[in-house]
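Notes for the one structure printed next.
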Amino acid sequence: MSLPSLSPEHAKRLLDRGAILVDIREVDEHAREKIPGAKLMSLSKLDEADLALLEGRPVIFHCKSGARTKGNAARLAGKVGGACEAFIVEGGIDGWKKAGLPVAVDRRQPLELQRQVQIGAGSMALFGTLLGFLVSPWFFAIPAFVGVGLMVAGITGFCGMARILIKAPWNRAVYAQPNQARSA
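Add 4 to a position in the sequence shown, counting from 1, and you land on the number used in my numbering.
What follows is the structure in structure tokens.
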């Protein structure tokens, strides 16, 4: 079962008439940038989510680019279970912004965890390589370690760097909050 897609403009018109907007991104993504009024229901916690908030009104799901909502349309439709009409925003929040619709950005919130991991791994690989050329070949172990870590993360889904970064002081507030069905 699939969910029909709506243009951001059409989604906005439905929202103005009482539809509910549900953000399926993760808590860190939602904390930094969100569509005003969107309720957070992270895809990773969808099975635990209570959809009583739908109240029979149309529900519109969105993610960052539209790929997660399209790829999980059957799960989302199953969660709604025919209790109401359900849709997907074409292009996600990126499409929403491209259409010139309002987005709330809180730059005081940390970057998304995935971006923090990319910055950390890239920095370690770059500096390890530079130190390997300039100081000692032993420093080439650093980019090798990063490469192994990225392979393990890709194969198993476990990212040690992400687990460490979640505990970083700048991320504590974001990950300490309950994140289901929270409104913006």
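Built from N, CA and C at the ideal position, the CB exists for glycine as well. Just so it is clear, the structure is predicted and the values come from calculations on it, not from any experiment.
Boundaries of the beta strand (DSSP E) in which residue i is found, first to last residue
i    : result
F137 : That residue, F137, is in no beta strand (DSSP E); its alpha helix (DSSP H) goes L117 to L138.
L25  : I24 to D27
A90  : A90 to V93
V63  : V63 to H66
Distance between beta carbons of residue j and residue i, contact taken as under 8 Å
i    : j   : result
E94  : D32 : Wrong, their Cβ atoms sit about 24 Å apart, outside the cutoff.
D110 : A35 : 7 Å
Beta-carbon proximity check, residue i vs residue j, cutoff 8 Å
i    : j    : result
F144 : T133 : yes
L205 : I64  : In the structure as shown, the chain starts at 5 and stops at 188, and residue 205 therefore has no counterpart that could be examined.
A274 : P40  : Residue 274 lies beyond the range of the chain shown here (5 to 188); nothing can be said about it.
S48  : E37  : no
E89  : P62  : yes
Span of the alpha helix (DSSP H) around residue i
i    : result
Q143 : Reading off the sequence, residue 143 comes out as Phe, not Gln. From DSSP, F143 is part of no alpha helix (DSSP H); its letter is neither H nor E.
D98  : G96 to K102
E52  : Element bounds for E52: n/a, residue is neither H nor E.
I168 : G164 to I170
V4   : Residue 4 falls outside the range modelled here, since the chain spans only 5 to 188, and no answer is possible.
R79  : A77 to V84
Residue i classed as buried or exposed, judged by whether at least 16 other C-beta atoms fall within 10 angstroms
i    : result
P141 : exposed
A78  : exposed
V150 : buried
P147 : buried
A72  : Residue identity check: residue 72 is Arg in the sequence provided, not Ala. Looking at its Cβ environment, which holds 16 or more other Cβ atoms inside 10 Å, R72 is buried.
K43  : buried
L2   : The structure shown has nothing for residue 2, since the chain only spans 5 to 188.
I28  : buried
L130 : exposed
S187 : With a pLDDT of only 44 at S187, under the threshold of 50, the placement of this residue in the model should not be trusted, and no figure is reported.
G158 : exposed
K68  : buried
G70  : buried
Count the C-beta pairs between the region 10-28 and the region 92-107 that are closer than 8 Å, then say yes if the count reaches three, no if not.
-> Using a Cβ-Cβ distance cut-off of 8 Å, the region 10-28 and the region 92-107 are in contact, since at least three pairs of beta carbons, one from each stretch, lie closer than that value.
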